[in-house]
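Asks:
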Amino acid sequence: MPNERRPLKWLLIFACWTLVGLMFASQWYVGNNANGYPTTWAQAVTWALTEYWLWAALTPLILFAGRRRFIDRDNWRRNVAAHVLLGVVFASAFLVLYAGAEQFTTWAHTPGKTMTFQKSVWYVFTKKFHMAFLTYWVITGVSHAFEFYRRNRRNELRASQLEAQLSRAQLHALKMQLHPHFLFNTLNTISALVHRDPRAADRMVARLGDLLRLALDNQGIEEVSLEEELQFTQKYLEIEQTRFHDRLTVEFEVDPASLDARLPNLLLQPLIENAIKHGISAKPGAGHIRVSARRENGTLNLSVRDDGVGLPHTNGANGANGANGTPGGECARVGVGLANTRARLAQLYGDAQQFELANAPGGGCRVSISIPFRAHGAQANSGDADATSNGTRA
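Offset between the sequence shown (1-based) and this note's numbering: plus 517.
#1: Going by the beta-carbon positions, is the gap between Pro-781 and Arg-861 smaller than 8 Å?
#2: Quick check on Glu-914: buried or exposed, where buried means 16 or more other Cβ atoms within 10 Å of its Cβ?
#3: If you count every other CB in all the chains shown that lies within 10 Å of the CB of His-795, and 16 or more means buried, which is it?
#4: Whose C-alpha, out of Phe-872, Ala-774 and Val-808, is nearest the C-alpha of Gln-786?
#5: Hey, how far is the Cα of His-805 from the Cα of Ala-892?
#6: Going by beta-carbon coordinates alone, are Val-821 and Val-741 separated by less than 8 Å?
#7: Locate the alpha helix (DSSP H) running through Ile-579, then write down its first and last residues.
#8: May I ask you to list the residues that DSSP assigns as paired with Asn-818?
#9: Between Trp-558 and the rest of its own chain, which residues show a CB-CB distance below 7 Å, the 5 nearest in sequence each way excluded?
#10: My output table needs one value for Val-767: the three-state DSSP class, helix, strand or coil.
#11: Considering only the beta carbon of each residue, do Gly-854 and Asn-791 sit closer than 8 Å?
#12: Let's see if you can read the secondary structure: which residues bound the alpha helix (DSSP H) around Arg-760?
#13: When burial is assigned at 16 or more other CB atoms within 10 Å of the CB, is Asp-727 buried or exposed?
#14: Opposite Phe-872 in the DSSP bridges: which residues?
#15: Return yes when the Cβ of Gly-604 is within less than 8 Å of the Cβ of Tyr-569, no when it is not.
#16: On a CA-only basis, which of Arg-811, Asn-876 and Arg-590 is nearest Phe-890? Give me that one, please.
#17: Please list the terminal residues of the continuous beta strand (DSSP E) segment that includes Leu-780.
#18: Determine the DSSP secondary structure at Ala-877, reduced to helix, strand or coil.
#19: Quick test of your reading: Trp-572 and Trp-534, contact by CB under 8 Å. State the CB separation rounded to the nearest angstrom.
#20: Rounded to the nearest angstrom, what separates Gln-635 and Met-648 at their Cα positions?
#21: With Val-826 as the anchor, note down where its alpha helix (DSSP H) starts and where it stops.
#22: Under three-state DSSP, which class holds Ala-803?
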């Protein structure tokens, strides 16, 4: 216990022993008078507090002596033997002190009765040694109970800290997988444009620099606001705009009440990249992607839907699936981005999240995500606002 709390600890020990003494004083007072041994309340209190205040004085010494003799499974034989010896020593010390105190509190005030100190020591040893020895073990047992509790709390705290550190390390590793994956795909696109359209390749390099600058600004941050995530997504779509020109249209349908929601950094970009790569690129002609976000009943619901080729119709691929299941038809579409996204959501939110990849009604594919709504920074506005739509071409 810290030094500043030590006086409070000793005061608590003194108060506990005083309470015990007063309890026994009342018992002696009632018992003696009920059985024909007239006793005043002052006498009963004096006898009781003399005995238990001596224990209060010895308790800090007992705790100090037993501090390095904590009994556990590895050393119980040696430390039990040590405590047996300490029990005899402290019980004897208490009885000697008690015999000396009785010379002033009992025999000196009892008319016609005297007892030498030696006889008093013999008297209390034969009458109270076993109880004194047992009292030592009660004190030791209580101190062991507190020490067990303290060690258990410390181990729980250490385990929770290690678990949190492991969780952060796993999330960081998953996030770091996204950066080279995204960069590799973008550089491949730039490489394909260098000879065919040098100006477009130059614009993509400039926009990639802006995107990487944003990524570096959020380095080490696991969760950002939806508004910040949408800003990053827009930068990414500027790169894809250079590549697809008029073949790609992206529409955002965002509930204003959801803009300050916290969500994993780089959550939307791999979903949109997956829709472009496996949905839009694989179909002839123009394609359309809709990104929606809505706050509803304490949940942030996100979806990315494309009108591309959809999932292969094998092994029930067009059925809905939960966060943990992966039907065989998904395998053709679940790459590093989606697999990483699933793992991050499971790591951050456990069973409180849902991830669904399924064919959309009318064609194409839809990725739906539900996570607990938590405001980023200022508290979110109460209630669910009506969604607003704005079309953005990318």
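A virtual CB, placed ideally from N, CA and C, is assigned to each residue, including glycine.
Please read these numbers as outputs of a predicted model, since none were measured by experiment.
Replies: In brief:
#1: In this structure, Pro-781 lies near Arg-861, with their beta-carbon atoms less than 8 Å apart.
#2: The chain is shown from 518 up to 911; residue 914 falls before or after that span and cannot be answered.
#3: Here His-795 is buried: its Cβ has 16 or more other Cβ atoms, across all protein chains shown, within 10 Å.
#4: Of the candidates Phe-872, Ala-774 and Val-808, the one whose C-alpha sits nearest the C-alpha of Gln-786 is Val-808.
#5: Pairing His-805 with Ala-892, the inter-Cα distance amounts to about 30 Å.
#6: Contact: no.
#7: It spans 558-583 - the alpha helix (DSSP H) in which Ile-579 sits, taken as one unbroken run.
#8: The bridge partners DSSP lists for Asn-818 are Arg-811 and Ser-887.
#9: Excluding five sequence positions before and after Trp-558, the CB atoms of its chain that fall closer than 7 Å to its own CB belong to Tyr-546, given in chain order.
#10: Annotated three-state conformation of Val-767 is strand, per DSSP.
#11: Judged by beta-carbon spacing, Asn-791 lies within the 8 Å limit of Gly-854, meaning their Cβ atoms are closer than that value.
#12: Arg-760 -> alpha helix (DSSP H) spans 743-761.
#13: By the neighbour-count rule (16 or more Cβ atoms within 10 Å), Asp-727 is not buried but exposed.
#14: In the DSSP assignment, the residues bridged to Phe-872 are Ile-886.
#15: Not in contact: Tyr-569 and Gly-604 (Cβ atoms no closer than 8 Å).
#16: Cα-wise, what sits closest to Phe-890 is Arg-811.
#17: Where Leu-780 is concerned, the enclosing beta strand (DSSP E) stretches over 779-781.
#18: Per DSSP, reduced to three states, the secondary structure at Ala-877 is coil, with no helix or strand assignment.
#19: In this structure Trp-572 is in contact with Trp-534, their Cβ atoms being roughly 6 Å apart against a cut-off of 8 Å.
#20: In this structure, the alpha-carbon of Gln-635 lies about 20 Å from that of Met-648.
#21: It is not in any alpha helix (DSSP H) - Val-826 carries neither H nor E in the DSSP assignment.
#22: Reduced to three states, the DSSP call for Ala-803 is coil.
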